[in-house]
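Notes follow once the structure below has been shown.
Protein chains: 2
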Amino acid sequence: MIDERKKQVLHAIVKDYVTTAEPVGSRTIAKKYDLGVSSATIRNEMSDLEEMGLIEQPHTSAGRIPSDKGYRFYVDYLMEKEELDADEINNINMFFTKRLSELDELVQETCRMLSHVTKYTALVLVPKRSEGKLEKIQMISVSPHQVLVLIVTDTGFINHRVIDLRQAISPRRLQEINFFLQEKLYGLSLEQVNRTLLGEISIHIARQEQLLDLALELMEQALMDRGDERVFTGGALNMLNQPEFRDVEKVKTLLGMLEEEEIVKKLLHKQLREGTEIFIGGEIPFEGINKCSVITGTYKVNGRVVGSIGILGPTRMTYPKAVSVVETVTDQLSLVLAKMFR
Amino acid sequence: MIDERKKQVLHAIVKDYVTTAEPVGSRTIAKKYDLGVSSATIRNEMSDLEEMGLIEQPHTSAGRIPSDKGYRFYVDYLMEKEELDADEINNINMFFTKRLSELDELVQETCRMLSHVTKYTALVLVPKRSEGKLEKIQMISVSPHQVLVLIVTDTGFINHRVIDLRQAISPRRLQEINFFLQEKLYGLSLEQVNRTLLGEISIHIARQEQLLDLALELMEQALMDRGDERVFTGGALNMLNQPEFRDVEKVKTLLGMLEEEEIVKKLLHKQLREGTEIFIGGEIPFEGINKCSVITGTYKVNGRVVGSIGILGPTRMTYPKAVSVVETVTDQLSLVLAKMFR
DNA sequence: TGTTAGCACTCTACCCTGTTGAGTGCTAAT
DNA sequence: ATTAGCACTCAACAGGGTAGAGTGCTAACA
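Protein sequence lines, in the order shown, are assigned to chains A and B. Quick note on numbering: the first sequence equals residues 1195 to 1536 in the numbering used here. Quick note on numbering: the second sequence equals residues 1195 to 1536 in the numbering used here.
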């Protein structure tokens, strides 16, 4: 059905198209990749490959380009692993020696680095906060009517939020509440805190203190604030160097989508099971992200998958290298995080 | 030299070009804006205006477009104030009723709103931290070897940063240091803290405690972290709707510049003296930001200018409306901030 | 039977050309 | 000083012709 030679031809087409961005013809293949047969033979093979839906013609009398299905076949069966060269490995390792002590920062920088190394767009999903266990919760008086709530989890997440109180609160009383909260909530996941204990605590405090509003606000605002997880993107403009984005309309829709947190999250979120995955062209469930592929990988803390990174490029991207980069970076990231919260 | 009629002609040219984005000819002016003279007369006037450098021809046999100098004249002498319509005012006011209790968030949201209302790109500079006076400094133990430093200023700036310690520190001792720092530093500007007291404190603590490294790290990392002020941009993609950015290369350079914090800062920073200012075309000191104008305005806390906002659009932008928006928003912003830190 | 050379055919990209229409600048008349 | 009229310029567009890349088919070949 799909014999060795067809594979070679498909492989050649993908390789060539990835580097040139031009439809590739039978003659080109015969000359550049010597398969030991003439262009005419290759023409026949290409005709078959087209029938199978693995390649397609932009128009008659143009060469062929791989279809999504073609890339899929390539990625699954043809592609050979490509080790990064010394320079790149060096770059990445150098980066990870830089000590960044806060999660957000680390992630953001990783994003930059990723896009820089790959020349594609990088996406990084920061761990769900609610996955982490509460390490510390503390309220600190800022002004008589304002309290700063500080939350730290064991996955390194730190968040603060100012809450306006309707009535003043004494520092002393604040201390007590702090103590109480810390006792009650330590070691619970934020989700648990949010779901199960919300009622109990607010009642408890309210009974003692008529501070129901404070308690409610605390919970609602501090824990449920802007989304439960965050994403960063880097190098979105790299896409503009790709010939498939020479049209401003396409640029607009693509960049527009990348600005929507929700969409980026879904791009990365699809799987939070361990490992690297590749989504090609139409496999990405968004109209508007056309002719693009995403490679995702996950990183871990304490053996738990806590987030994922992704590389977004044209379907015509250099898969082997991109996969290698994703894998090296996720590994390194996991290592660094392990050290960070040992 | 430049008589009333010339002004009228220039005014007409600017108005027309702003809405159509097409070079405007003498006939168009004669028909649409009845100045009571024929196109031939207008042609003569235009010839004069061109000689004066206020308008220019993209090529012979095209209409004229305003030059930077022409826009400058328009902005300085011709433009009439334009009140916002009820809808827009409503929009803005509605926005400011939303209660956002944290500065960063408020500013970021303002940015979104601004770009949405104007359909241009919005830039917002968040107050210099070092302008604010220290309201609170506190170190909170996160783990035996990690301390979270929290800084709050009277301008509403809140920052935290985790510091890794080389030796463990007891909660009790931390308390003492907190007390000491709070005493010593309260009410000083962060700059002062940074510059003058750095030495004194580190020596003081070190003598008592051999915690020189802690003190140093504290100061260096917590106070000097990533830049002293931050900027947000919003609606950068709006620029893609402007016909002058139909070319991907231009898009790339412009968006590239907007991604550089330093550049955006300078765009806004130029003046932190009170009031609205307009920078047209070449008056913006960046190659690469071509055919663009910026309108900036400042907002205040306690009568002190603490930050500025800007609108970036094509030189061919609707100045009167943009100015009105900037002015309404800075006013409202100052009001909200006043409430926030009364 | 698989492979190849050869050839007719197709289609895009490019260049050249002519035409149209908007707009100017000049001149002479009012 | 203003205007009508006219010659002139130039970008934008459309049509036509050509070159080149590439295909598909057929017939010959090993």
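Even glycine gets a Cβ: it sits at the ideal position worked out from N, Cα and C.
Query                                                                                                                         : Result
Min CB distance R1440 (chain B) to chain A below 8 Å                                                                          : yes
Contact under 8 Å by Cβ, L1229 (chain B) with L1506 (chain B)                                                                 : no
4-residue-minimum alpha helix (DSSP H) runs that sit fully inside the segment 1253-1313 of chain B, ordered along the chain   : 1262-1267, 1280-1291 and 1297-1312
Cross-chain neighbours of I1283 (chain B) in chain A, by beta carbon under 8 Å                                                : Those within 8 Å of I1283 (chain B) in chain A number zero; the least Cβ separation is about 26 Å.
The segment 1377-1385 of chain A in contact with the segment 1327-1335 of chain A per 3-pair CB rule at 8 Å                   : yes
Residues within the segment 1355-1372 of chain B neighbouring chain A, beta-carbon criterion of under 8 Å                     : R1355, V1356, I1357 and D1358
Chain A within 8 Å of K1330 (chain B), Cβ atoms only                                                                          : yes
Whole runs of the alpha helix (DSSP H) within the segment 1442-1480 of chain A, excluding any shorter than 4 residues         : 1442-1453 and 1455-1463
Neighbouring residues, chain B, relative to K1378 (chain A) (Cβ below 7 Å)                                                    : Ordered by position in chain B, no residue passes the 7 Å Cβ test against K1378 (chain A), which lies about 18 Å from the chain.
Three-state secondary structure (DSSP) of A1316 (chain B)                                                                     : strand
Cα-Cα separation, D1270 (chain B) to G1429 (chain A)                                                                          : 40 Å
For I1334 (chain B), the nearest candidate out of B:V1320, B:A1362 and B:L1319 (CA to CA)                                     : B:A1362
Chain A residues whose Cβ lies nearer than 8 Å to that of L1342 (chain B)                                                     : L1344, V1346 and I1352
CB contact below 8 Å: L1327 (chain A) versus chain B                                                                          : The identity of residue 1327 (chain A) in the sequence shown is Lys, whereas the question assumes Leu. False, the Cβ-Cβ gap to chain B never drops below 8 Å.
Distance CB(T1470 (chain B))-CB(I1489 (chain B)) smaller than 8 Å                                                             : yes
Cross-chain neighbours of E1453 (chain B) in chain A, by beta carbon under 8 Å                                                : L1431
Buried versus exposed call for H1354 (chain A) [16 or more other C-beta atoms within 10 Å across all chains shown]            : buried
Three-way DSSP call (helix, strand, coil) for P1508 (chain B) in this model                                                   : strand
Contact with chain B by E1296 (chain A), beta-carbon distance below 8 Å                                                       : yes
Cβ contact check for the segment 1473-1493 of chain A and the segment 1270-1289 of chain A: 3 or more pairs under 8 Å         : no
Continuous beta strand (DSSP E) stretch holding H1354 (chain B): start and end                                                : I1352 to D1358
Same chain, Cβ closer than 6 Å to Q1526 (chain B), five either side skipped, listed in chain order                            : F1290
Residues that DSSP places opposite V1203 (chain B) in a beta bridge                                                           : In DSSP, V1203 (chain B) forms no bridge with anything.
Contact under 8 Å by Cβ, V1458 (chain A) with L1452 (chain A)                                                                 : yes
Cutoff 8 Å: K1446 (chain A) Cβ touching any chain B Cβ                                                                        : yes
Pairwise C-alpha distance: Q1332 (chain B) and V1356 (chain A)                                                                : 15 Å
Closer than 8 Å at the beta carbon, the chain B residues around G1450 (chain A)                                               : L1431
Sequence ranges, alpha helix (DSSP H) only - wholly within the segment 1213-1245 of chain B, length at least 4                : 1220-1226 and 1233-1245
Segment contact, 8 Å Cβ cut-off, at least three pairs: the segment 1255-1268 of chain A with the segment 1277-1288 of chain A : no
Closer than 9 Å at the beta carbon, the chain B residues around I1334 (chain A)                                               : K1330, Q1332, I1334, L1344 and V1346
Where S1502 (chain B) sits in the DSSP three-state scheme                                                                     : strand
For T1492 (chain A), the three-state DSSP class (helix, strand or coil)                                                       : strand
Enclosing beta strand (DSSP E) for F1426 (chain A) [first to last residue]                                                    : V1425 to G1428
Residue from B:S1528, B:V1519 and B:L1375 whose Cα sits closest to the Cα of N1496 (chain B)                                  : B:S1528
Candidates A:P1479, A:E1216, A:I1207 and A:D1210, of which the one nearest P1144 (chain A) by Cα                              : Limits of chain A in this structure are 1195 at one end and 1536 at the other, which puts residue 1144 (chain A) out of reach.
Whole-angstrom distance between I1207 (chain A) and D1298 (chain B), CA atom to CA atom                                       : 50 Å
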